[in-house]
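J.:
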Amino acid sequence: MTKKIYEELQENCECARICGDYAEIVPDSLPDCALFLKDNGYDYLDMITASDHIDEFILTYTFKNLKDKDDVMLRASVSRENPEIPSLSNIWIGADFQERELYDLMGIIFTGHNNLKRIVLWDGFEGHPQRKDYKNVA
Amino acid sequence: MEINPQMIPSLDDADAYEGNIVEDLRRSSLEPLPEKVILSEEELKELNRNIIVTTLDDAINWAHKASLWPVTCFTACCTFEFIATSMARFDIARFGMEVLRPSPRQADLLMAAGTLSWKMAPQIKRIYEQMAEPKWVVAMGACAISGGIFQDSYAVVPGYNHIIPVDVYIPGCPPRPETLLYGLEQLRNKIGHESIRLENK
Numbered sequence: 001m002t003k004k005i006y007e008e009l010q011e012n013c014e015c016a017r018i019c020g021d022y023a024e025i026v027p028d029s030l031p032d033c034a035l036f037l038k039d040n041g042y043d044y045l046d047m048i049t050a051s052d053h054i055d056e057f058i059l060t061y062t063f064k065n066l067k068d069k070d071d072v073m074l075r076a077s078v079s080r081e082n083p084e085i086p087s088l089s090n091i092w093i094g095a096d097f098q099e100r101e102l103y104d105l106m107g108i109i110f111t112g113h114n115n116l117k118r119i120v121l122w123d124g125f126e127g128h129p130q131r132k133d134y135k136n137v138a
Numbered sequence: 139m140e141i142n143p144q145m146i147p148s149l150d151d152a153d154a155y156e157g158n159i160v161e162d163l164r165r166s167s168l169e170p171l172p173e174k175v176i177l178s179e180e181e182l183k184e185l186n187r188n189i190i191v192t193t194l195d196d197a198i199n200w201a202h203k204a205s206l207w208p209v210t211c212f213t214a215c216c217t218f219e220f221i222a223t224s225m226a227r228f229d230i231a232r233f234g235m236e237v238l239r240p241s242p243r244q245a246d247l248l249m250a251a252g253t254l255s256w257k258m259a260p261q262i263k264r265i266y267e268q269m270a271e272p273k274w275v276v277a278m279g280a281c282a283i284s285g286g287i288f289q290d291s292y293a294v295v296p297g298y299n300h301i302i303p304v305d306v307y308i309p310g311c312p313p314r315p316e317t318l319l320y321g322l323e324q325l326r327n328k329i330g331h332e333s334i335r336l337e338n339k
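Going line by line, the protein sequences match chains A and B. Counting in the working numbering, the first sequence runs from 1 upward without gaps. Counting in the working numbering, the second sequence runs from 139 upward without gaps.
As structure tokens, then:
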């Protein structure tokens with residue numbers, strides 16, 4: 001059963017596509033979808049995560065409605081050659097560190113982020129170690 | 139054995155004996171109490187003939203190993219075994235180690251307890267350099283010795299000895315408090331054999 005909020009999201013943001021228990025969006029429409037969700041009670045960014053699928057990265061965003069105890073999941077895939085997605089750090093300040101961590105470990109570029117640099121590893125580290133093609137040089 | 143009736147004092151005699159004691163006490167209570175003498179003059183003379191002989195090395199090493207103060211600088215989970223060791227059940231206070239110093243300036247021992255990431259390594263090195271001589275380092279647990287299960291990781295230092303010199307290695311994941319106490323005993327033995335002379339270093 002599809003949640004009502006997904007249908008509303010699809011009506012308002014044309015790019016969104018419902019796939020089971022999550023909605024798939026194109027990367028550029030992420031701020032619009034996030035703002036729509038924020039205005040409709042999903043005002044807490046639970047987590048941002050990314051997974052490496054060799055030819056693309058899939059980013060998963062989870063938003064929570066703390067009042068009604070509900071959550072919404074958005075997925076966006078970015079290409080490996082050009083892994084760019086708009087930043088949410090202007091909408092949720094909590095996205096700041098999570099996006100920096102994803103940049104650090106996965107190498108995903110969040111456009112519009114005003115301080116996109118490594119957070120877990122040190123400056124000067126080469127590569128992004130959570131990528132599947134990362135070769136460990138211990 | 140026969141009882142000599144003359145040995146048993148009569149009541150009158152006992153009363154007189156008690157009366158004498160009380161009278162003596164009353165008389166002496168008016169005089170000032172004599173000074174306490176711990177050692178008599180003869181004993182003092184005897185003592186002057188005895189000299190305690192030791193080497194400067196032994197005296198200094200004894201002081202060093204009897205007051206090893208660890209610095210409060212722990213990186214990971216082996217810390218909890220060290221905390222358990224420092225508490226009442228195992229009680230490193232027996233070795234004069236119970237004073238954990240938050241300031242490296244006052245500490246003698248760096249307990250390298252747990253995994254060290256490369257990003258944390260400069261801070262550990264800095265704390266080690268801030269410690270005043272003499273100083274010792276104990277690598278506690280598999281991660282501190284060699285990186286442990288994280289040995290191949292891009293983010294973990296494969297052993298504290300890549301960063302700072304280590305005196306004693308205590309294996310275990312984590313080491314039991316008994317193991318830790320044995321390792322600290324080894325460190326105390328090592329300190330006991332140190333010398334201030336340059337050629338012995």
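By construction, the Cβ of each residue, glycine as well, lies at the ideal position given by its N, Cα and C atoms. Here the structure is a predicted model, which means the values were calculated and not measured.
(1) According to DSSP, which residues form a beta bridge with residue 110 of chain A?
(2) Of all the options B:260, B:308 and B:242, which has the alpha carbon lying nearest to the alpha carbon of residue 295 of chain B?
(3) Report the neighbours of residue 136 of chain A on chain B: residues whose CB is nearer than 8 Å to its CB, in chain order.
(4) Does the distance from the C-beta atom of residue 86 of chain A to that of residue 107 of chain A stay below 8 Å?
(5) Measuring alpha carbon to alpha carbon, tell me which residue in B:277, B:324, B:253 and B:174 is nearest residue 215 of chain B.
(6) Between residue 307 of chain B and residue 25 of chain A, what straight-line distance do the alpha-carbon atoms span, to the nearest angstrom?
(7) Examine the Cβ distances between the segment 201-216 of chain B and the segment 240-251 of chain B and report whether three or more of them are shorter than 8 Å.
(8) Using a Cβ cut-off of 8 Å, pull out every chain A residue sitting near residue 257 of chain B, in sequence order please.
(9) Quick one: what's got a C-beta closer than 7 Å to residue 303 of chain B's C-beta in the same chain, skipping five residues either side?
(10) Measure the alpha-carbon distance for residue 156 of chain B versus residue 147 of chain B and round it to whole angstroms.
(11) Between the Cα of residue 277 of chain B and the Cα atoms of B:268, B:151 and B:297, which residue gives the shortest distance?
(12) On the three-state DSSP scale, how would you describe residue 60 of chain A?
(13) Ends of the alpha helix (DSSP H) at residue 8 of chain A?
(14) Consider the Cβ of residue 27 of chain A: report whether some Cβ of chain B lies at a distance smaller than 8 Å.
(15) What is the DSSP secondary structure of residue 315 of chain B, counted as helix, strand or coil?
(16) Find the nearest neighbour of residue 96 of chain A within the set A:36, A:119 and A:50, judged by alpha-carbon distance.
(17) Quick check on residue 254 of chain B: does DSSP put it in helix, strand or coil?
(18) Show which residues of chain B have a CB atom less than 8 Å away from the CB atom of residue 129 of chain A.
(19) Would you give the residue range spanned by the beta strand (DSSP E) that residue 155 of chain B belongs to?
(20) Grab the span of the beta strand (DSSP E) containing residue 24 of chain A for me, first residue to last.
(21) Are at least three pairs of beta-carbons, each pair with one atom in the segment 121-131 of chain A and one in the segment 59-72 of chain A, less than 8 Å apart?
(22) Inspect the CB distances between the segment 188-197 of chain B and the segment 225-234 of chain B and report whether three or more fall short of 8 Å.
(23) Residue 281 of chain B: buried (16+ other C-beta within 10 angstroms of its C-beta) or exposed?
(24) Can you list the alpha helix (DSSP H) stretches of 4 or more residues lying completely in the segment 192-233 of chain B, in chain order?
(25) Do you know how far the Cα of residue 22 of chain A is from the Cα of residue 13 of chain A?
(26) Determine the direct distance from the alpha carbon of residue 43 of chain A to that of residue 92 of chain A, and round the result to whole angstroms.
(27) Are the CB atoms of residue 67 of chain A and residue 46 of chain A within a distance shorter than 8 Å?
(28) Have a look at B:174, B:239, B:290 and B:229 and flag the residue whose alpha-carbon is nearest the alpha-carbon of residue 256 of chain B.
(29) Who pairs with residue 307 of chain B in a beta bridge, going by DSSP?
(30) Taking a contact to mean a Cβ-Cβ separation below 8 Å, would you say residue 76 of chain A touches residue 31 of chain A in this structure?
T.: So, from the data block:
(1) Along the first sequence, one-based indexing puts residue 110 of chain A at 110. Residue 110 of chain A pairs with A:85.
(2) Residue numbering aside, residue 295 of chain B sits at position 157 when the second sequence is read from its first letter. Measuring from the Cα of residue 295 of chain B, the nearest candidate turns out to be B:260.
(3) Residue numbering aside, residue 136 of chain A sits at position 136 when the first sequence is read from its first letter. Ordered by position in chain B, the residues that pass the 8 Å Cβ test against residue 136 of chain A are 290, 291 and 292.
(4) Locating residue 86 of chain A in the first sequence gives position 86, counting from the first residue. Locating residue 107 of chain A in the first sequence gives position 107, counting from the first residue. Contact: no.
(5) As a working mapping, residue 215 of chain B is identified with position 77 in the second sequence. Closest option to residue 215 of chain B, Cα to Cα, is B:253.
(6) Looking up residue 307 of chain B in the second sequence gives position 169. Looking up residue 25 of chain A in the first sequence gives position 25. Spanning the two alpha carbons is a distance of roughly 54 Å.
(7) yes
(8) One-based indexing of the second sequence puts residue 257 of chain B at position 119. Result: 120, 121 and 122.
(9) By 1-based counting over the second sequence, the position of residue 303 of chain B is 165. 275, listed in sequence order.
(10) Working through the second sequence from its first residue, we reach residue 156 of chain B at position 18. Working through the second sequence from its first residue, we reach residue 147 of chain B at position 9. Their Cα atoms are separated by approximately 12 Å.
(11) Here residue 277 of chain B refers to the residue found at position 139 of the second sequence. Of the candidates B:268, B:151 and B:297, the one whose C-alpha sits nearest the C-alpha of residue 277 of chain B is B:297.
(12) As a position in the first sequence, residue 60 of chain A is number 60, starting the count at 1. The answer is strand: DSSP assigns residue 60 of chain A an E or B state.
(13) Position 8 of the first sequence, counted from the start, is the residue given in the question as residue 8 of chain A. It spans 4-12 - the alpha helix (DSSP H) in which residue 8 of chain A sits, taken as one unbroken run.
(14) Along the first sequence, one-based indexing puts residue 27 of chain A at 27. By this cut-off, residue 27 of chain A is not an interface position.
(15) On the second sequence, position 177 is the one that residue 315 of chain B refers to. Residue 315 of chain B: helix per DSSP, three-state reduction.
(16) As a first step, residue 96 of chain A is located in the first sequence; it is residue number 96 there, counting from the start. Cα-wise, what sits closest to residue 96 of chain A is A:119.
(17) The residue you call residue 254 of chain B lines up with position 116 of the second sequence. In the structure shown, residue 254 of chain B sits in coil (DSSP, three-state: anything other than H, G, I, E or B).
(18) If you number the first sequence from 1, residue 129 of chain A lands on position 129. Per Cβ cutoff of 8 Å: 292 and 293.
(19) As a position in the second sequence, residue 155 of chain B is number 17, starting the count at 1. Where residue 155 of chain B is concerned, there is no enclosing beta strand (DSSP E), although the alpha helix (DSSP H) it sits in stretches over 149-167.
(20) Taking the first sequence and counting its residues from 1, the one referred to as residue 24 of chain A is at position 24. Unbroken beta strand (DSSP E) run through residue 24 of chain A: 22-25.
(21) no
(22) no
(23) Position 143 of the second sequence holds residue 281 of chain B. By the neighbour-count rule (16 or more Cβ atoms within 10 Å), residue 281 of chain B is buried.
(24) 194-203 and 216-224
(25) Working through the first sequence from its first residue, we reach residue 13 of chain A at position 13. Working through the first sequence from its first residue, we reach residue 22 of chain A at position 22. So the two alpha carbons sit approximately 15 Å from each other.
(26) The residue you call residue 92 of chain A lines up with position 92 of the first sequence. The residue you call residue 43 of chain A lines up with position 43 of the first sequence. About 9 Å.
(27) Working through the first sequence from its first residue, we reach residue 46 of chain A at position 46. Working through the first sequence from its first residue, we reach residue 67 of chain A at position 67. It is not a contact, given that the beta carbons lie outside the stated cut-off.
(28) In the second sequence, counting from the first residue as 1, residue 256 of chain B sits at position 118. Residue B:290 is the option with its Cα nearest to residue 256 of chain B.
(29) Along the second sequence, read from residue 1 onward, the residue named residue 307 of chain B stands at position 169. The partner list for residue 307 of chain B (beta bridge, DSSP) reads B:277.
(30) One-based indexing of the first sequence puts residue 76 of chain A at position 76. One-based indexing of the first sequence puts residue 31 of chain A at position 31. Taking 8 Å as the Cβ cut-off, residue 76 of chain A and residue 31 of chain A do not qualify as a contacting pair.
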